[in-house]
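Asker: I have a structure I would like to understand better, so I am pasting it below and will then ask my questions one at a time.
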Amino acid sequence: MKRYVLLGTVGAGKSTLYAALHGIACDEAKKTQAMQYDLDGGVDTPGEFFCHPMYYPALLSTTVDTDVLIYVHPANDPLCRLPAGFLNIYTQREVICAITKVDLPDADFEATKSMLMDHGVSGPFFPLGKDRPELLQELVDWLQKE
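Residue numbers (the numbering used here): 3 to 148.
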């Protein structure tokens, strides 16, 4: 599996996605207080590290040894929370986007995807929802391809 780091705001669904990628059922994710690493090269990051510029150096250091940056954005958040140029610092990294919470009533996958594309995220885009576990397999397959 490719080495990845999950990036996104508080409440975006990073920890729920991290648990799902490890086969752990997760009704309610625990608050991530620090970087979480697995032996396969996956990293879950606290949303505060993404929201506060004083933590950017920690995030940038973490992304050095990864293959893929996975930007996690909820489908029910119409605002772009992505700092300009943040995902383009290491140009040799692949950048993909997990659009989470697509199973919520106020979710709009297409509008969220369009908004992110307007802000420079080119994809690929993976729709994900806690009540739609079949959607996860497409992301897993992508992470496992060489």
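Even glycine gets a Cβ: it sits at the ideal position worked out from N, Cα and C.
Here the structure is a predicted model, which is why all the values come from computation and not from measurement.
Name the two residues that bound the continuous beta strand (DSSP E) containing residue 100.
Answerer: Residue 100 -> beta strand (DSSP E) spans 96-102.
Asker: Just the C-alpha distance for residue 28 and residue 117, rounded to the nearest angstrom, thanks.
Answerer: Rounded to the nearest angstrom, the two C-alpha atoms are 28 Å apart.
Asker: If you draw a straight line from the alpha carbon of residue 66 to that of residue 25, how long is it in whole angstroms?
Answerer: If I take the Cα positions, the gap works out to 26 Å.
Asker: Rank 35, 51, 70 by C-alpha distance to the C-alpha of residue 100 and give the top, closest one.
Answerer: Nearest C-alpha to residue 100: 70.
Asker: Find out if the Cβ-Cβ distance for the pair residue 75, residue 14 is shorter than 8 Å.
Answerer: Yes, these two residues count as a Cβ contact at 8 Å.
Asker: Taking only runs that begin and end inside the stretch 3-81, name each unbroken beta strand (DSSP E) of 3 or more residues, in chain order.
Answerer: If we require 3 residues or more, the beta strand (DSSP E) runs fully inside the stretch 3-81 come out as 6-9, 44-46, 70-76.
Asker: Looking at residue 77 and residue 102, is the spacing between their C-beta atoms short of 8 Å?
Answerer: Yes.
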